[in-house]
Amino acid sequence: MAKHPPQLRKSTLLTASGTNTSTRWGFLKDIRKNPWLYVMLIPVLLYFTIFHYYPMYGALIAFKEFSPRLGIMGSPWVGWEHFESFFNGIYFWRVIKNTLMISFYELLFGFPAPIILALLLNEVRKTAFKRTVQTLTYMPHFISLVVVCGIIKEFTMSDGLINDLLAFFGWERVSLLLESEYFRTIFVSSGIWQNIGWGTIIYLAALAGIDQEQYEAAKIDGANRWKQMLHVTLPGIISTIIILFILEIGKLMNVGGEKIILLYNPSTYETADVISSYVYRLGLQEFNYSFSSAVGLFNSAINFTLVISANWLSRKMNNTSLW
Amino acid sequence: MERRLLANECFLRRLKVGVSAVLLTSLILSGCSQGNGNKLEGKQGDNGKGASEEIGSTYPLNTTETISSWEVLDSNAVTFHADLADTPFGKALAKATGVNVKYIHPNEQQSKEQFNLMIASDELLDTVEYDWTGHSAGSYPGGPEKAISDGVILELNDIIDQYAPNLKKKLAANKELDKMVKTDSGKYYVFPMIRNSSGLVFRGPMIRKDWLDDLKLPVPTTIAEWETTLKAFKDQKGAKAPLSVTYTGGNFEIRDAFIGAYHTSNSFYIDDEGKVKYGPIDPQYKDFLTLFRKWFAEGLFDKDFALTDTKALDNKILTGQTGATVHQLSGGIGRWMDAMKEQDPKFNLVGTPYPTLNNGEVPFTGQLSFIYNPGPSKAITTSAKNPELVARWLDYAYSDEGAMLLNFGIEGESYVMENGAPVYTDLIKNNEKYSLQQMVSIYSKPNGPYEADGRRNWNTLPQQDEAVKVWSQTDAKKHTLPAFLTPTAEESKELGKIVMEVSNYKEEMFVKFIVGKEPMESYDQYVAQIKKMGIDRAIEIYQSALERYNKR
């Protein structure tokens, strides 16, 4: 390795322009200076190449009639056929609408929840209490999704806990998961319960990074707790919030199909059926890989556009962006 | 609980496997093919020369070759051995046939995925035990004709003719079976599992007899009697869900019970004139929906309908919330009776006849399997170096001696002959540690390519034998669409698309009609929508396939 830089330098000097030479030279110098950092980077690069970039060519099957026997290259081309059958299906608008609605509710209620919890925790002065709350709120994150959904099902059954409560107040017992109008509420609220604690971690870290002198300065200026939060704490974590928000926007069309599939049933398809569950039911269960990939590709294209525009918007508005 | 969770985990895992298969197809494929391929290559390389030797036609065969077989290992056997070759049965089979077999056992829960990967990787084993009909989800798309023309499996006509005299005899003796195991163009493609005619019925409606006795009610036969009975269960026995049936993954396990009372079915069926029909758009299907809608509203039919999975049903039956259901012989009656043996000795489940509208009517339809069971049937692949040897090895199972081994196991060890009939020994029957199901799984092959013996009986309760008798009395044979129709490749594709869309829509509306989310008045619109989706074309395809089938 030690021999390479001088040789390279010669060749770059001959061909490249001045600025290019200096950055490349700088890069090589950096490798020399911190070789282990680069070695540690290799697995990450490999991971992305092997698991994220290499498989992309498999997306080709969205335009083919994929048959496992013929393989990806050997399967015949069918053009936009799978896309057309998705767009023309009678459920196309319903799944799009459901996906967006659930994402929207998750963004509206689920996204601020950990921020609020983090801000509240930040105000707690008793360490023991703070730790307990944190641990308790983290816990659901580590429970398997299948178990979580099992619990949700038990609770919402016509003789479950929630119905016991409702019945106590004189309401009629209903099997909540059979009622399409409650599905989004159940889905989103259980999602908050699952993720609120985990979500606070990153905000608490950001909160810890705020300079304590700012609080002191604010105090001297006569700011109370509320004003301190508004003018010191929030501005301190706003860039974290925005970056996470952009990432969330990128997932707008990606409602996790697994949880939906574990909770829905035909009587709630109307509000519960999202792109991924629809694809699972129609595509994967029938081993219709091409159809599934066509929908997946369509989905990714939209998500890609969304991230780009959210990032652009954020850069325009307050100079915070992913890139 | 734990088992249920495991099952769900498996479902999730399957889902993930499916999703990643789409995303990472290329990667998995190349990775797996290399892994498997090397192993196999090594095995076959050693034995390539043996093919020219004379292996003879008497068992044990004169060979040193090893063949490879892809088959699911019985879920009971898995708890004892990871490889069929290590079980007492596997050893006995190797000794009797003189053939050493290298088994590859796919995970039972993921056999579909693993089958697809094997096909895709092009590293086939000599013989593959799988559903090749193309009918069930996950079986070879396009069916046997396609599998043969794709060069995956061998056409077996000559092979059976020359090397499988025992199977050939059985096919010649049973025209009905012969029709089922060949394609429209007369090609054989598997060594089939032949069910015994007494093992074709194993599922139907069942009810708590002890409750009936307490209430002094007869076993219900008509819809009206059922209604009275369920009401009594609700009011006098405190059953919260008098009738409950599992509904998982879009499958309402009531199948055709209750629906059949209205002379229709929950899917495609053959009417009295021999015409294919789609039950869920029949006018009389509306009557069934109306009935269940009423029962649901009155609390006679499970209020948590569509959310009741196996675990929930177990719970309802065992805690006395449910007094009637539609389920299986051993998975239902056997399992629940067993579970309640000590807790409530009076607990008694009996099979009831399929409900009818009028007294004394023969039920229109019911569960009836075919004597050809496609799942545990073996095809010989194009990778087989020595098809003759594979065929001879497979044919052993159809010989008299082989049939005894596959059905009952090892004489003197797992069974003895008493008055000319095989009887399980205490090792199997009265084993202190293990159940009969577990023991037969390692001493014989519960499912596989051979003819199941009518003398083999795994029922442990008289109620089970009785239930089979009751459930058998239907016109199912006349009205069930044979499972071995073979639409052409072009038709298959069209059919698949229509059926997928229709059943998806039908299932959603079905649940909505019953739970009262959709007014009954929209039934006509619902029928119109299904027609719009092309159901008539699907019926047409089935009709012509049925005619070709009948002409075979």
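These protein sequence lines are chains U and Y, in that order. Last residue of the first sequence: 863 in my numbering, with the numbers rising by one and none dropped. Last residue of the second sequence: 553 in my numbering, with the numbers rising by one and none dropped. Heads up, the beta-carbon is just placed ideally off N, CA and C, and yes, glycines get one too.
Check the Cα spacing between U/Pro654 and each of U/Gln752, U/Ala668, U/Trp620, U/Phe785: the tightest is with U/Phe785.
A direct Cα-Cα distance of roughly 9 Å separates Y/Ile224 from Y/Leu292. Here U/Val835 is buried: its Cβ has 16 or more other Cβ atoms, across all protein chains shown, within 10 Å. When Cβ-Cβ separations below 8 Å define contact, U/Met697 makes contact with chain Y. Rounded to whole angstroms, Y/Val351 and Y/Leu462 show a C-alpha spacing of 10 Å. Around the Cβ of U/Ala658, a 10 Å sphere holds 16 or more other Cβ atoms; the residue is buried. For U/Ser615, the nearest beta carbon of chain Y is not closer than 8 Å to its own beta carbon. Residue contact with chain U for Y/Leu319: absent (no Cβ-Cβ distance below 8 Å to any residue of chain U). Annotation: U/Lys791 has no Cβ neighbours in chain Y at a cutoff of 7 Å; minimum Cβ distance is about 16 Å. A direct Cα-Cα distance of roughly 29 Å separates U/Glu788 from U/Trp620. In this structure, Y/Ala392 sits near Y/Tyr164, with a CB-CB distance shorter than 8 Å.
The beta carbon of Y/Asn460 lies closer than 6 Å to those of Asp466 in the same chain, with the five residues before and after it left out. Burial state of Y/Gln322 is buried, judged by a 10 Å Cβ sphere holding 16 or more other Cβ atoms.
Counting only residues of its own chain and dropping the five nearest sequence neighbours on each side, Y/Ser112 has a CB closer than 7 Å to the CB of Val73. Partner residues in the beta bridge of Y/Ala380, as assigned by DSSP, are Y/Val129. Along the segment 299–330 of chain Y, the positions whose C-beta sits under 7 Å from a C-beta of chain U are Lys304, Asp305, Ala307, Leu308, read in chain order. In terms of Cβ geometry, Y/Gly135 and Y/Ser493 form a close pair [threshold 8 Å].
Contact annotation for Y/Ala93 against chain U: no contact, minimum CB-CB distance about 36 Å [criterion: below 8 Å].
Counting the other CB atoms within 10 Å of its CB gives Y/Val153 a total of 16 or more, which places it among the buried residues. Interface with chain Y (8 Å Cβ-Cβ cutoff): U/Pro806 is included.
A contact is defined here as three or more CB-CB pairs under 8 Å, and the segment 673–692 of chain U fails this definition with respect to the segment 770–785 of chain U. The beta-carbon of Y/Met501 is placed less than 8 Å from the nearest beta-carbon of chain U. A Cβ-Cβ separation of about 22 Å leaves Y/Val191 out of contact with Y/Ser76 under the 8 Å criterion. The contact set of Y/Val512 on chain U, defined by CB atoms closer than 7 Å, consists of Asn805, Pro806, Ser807 in chain order.
Within the segment 122–199 of chain Y, the runs of beta strand (DSSP E) at least 3 residues long that lie entirely inside it are, in chain order, 128–130, 192–195. Excluding its 5 nearest sequence neighbours in each direction, Y/Ala298 has C-beta neighbours in its own chain below 7 Å: Gly517, listed in chain order.
Judged by DSSP secondary structure, U/Gly776 falls within the alpha helix (DSSP H) whose first and last residues are 774–790. Residues of chain U with a Cβ closer than 9 Å to the Cβ of Y/Ala490 do not exist; the shortest Cβ-Cβ separation is about 11 Å. Rounded to whole angstroms, the separation of the alpha carbons of U/Lys791 and U/Ile842 is 10 Å. For Y/Leu350, no alpha helix (DSSP H) encloses it; the enclosing beta strand (DSSP E) starts and ends at 350–352. In the DSSP assignment, U/Pro583 falls outside any beta strand (DSSP E) and lies within the alpha helix (DSSP H) extending over 575–588. Three or more Cβ pairs closer than 8 Å define a contact, and the segment 539–548 of chain Y falls short of that threshold against the segment 306–323 of chain Y. Against U/Arg821, the close residues of chain Y are Gly251, Asn505, in the order they occur along the chain (beta-carbon pairs closer than 8 Å).
At a beta-carbon threshold of 7 Å, the residues of chain Y lying near U/Lys693 are Leu308, ordered along the chain. Annotated three-state conformation of Y/Val512 is helix, per DSSP. Setting aside the 5 residues that flank it on each side, Y/Ser400 is surrounded in the same chain by Asn167, each with a C-beta closer than 6 Å to its C-beta; the list follows chain order.
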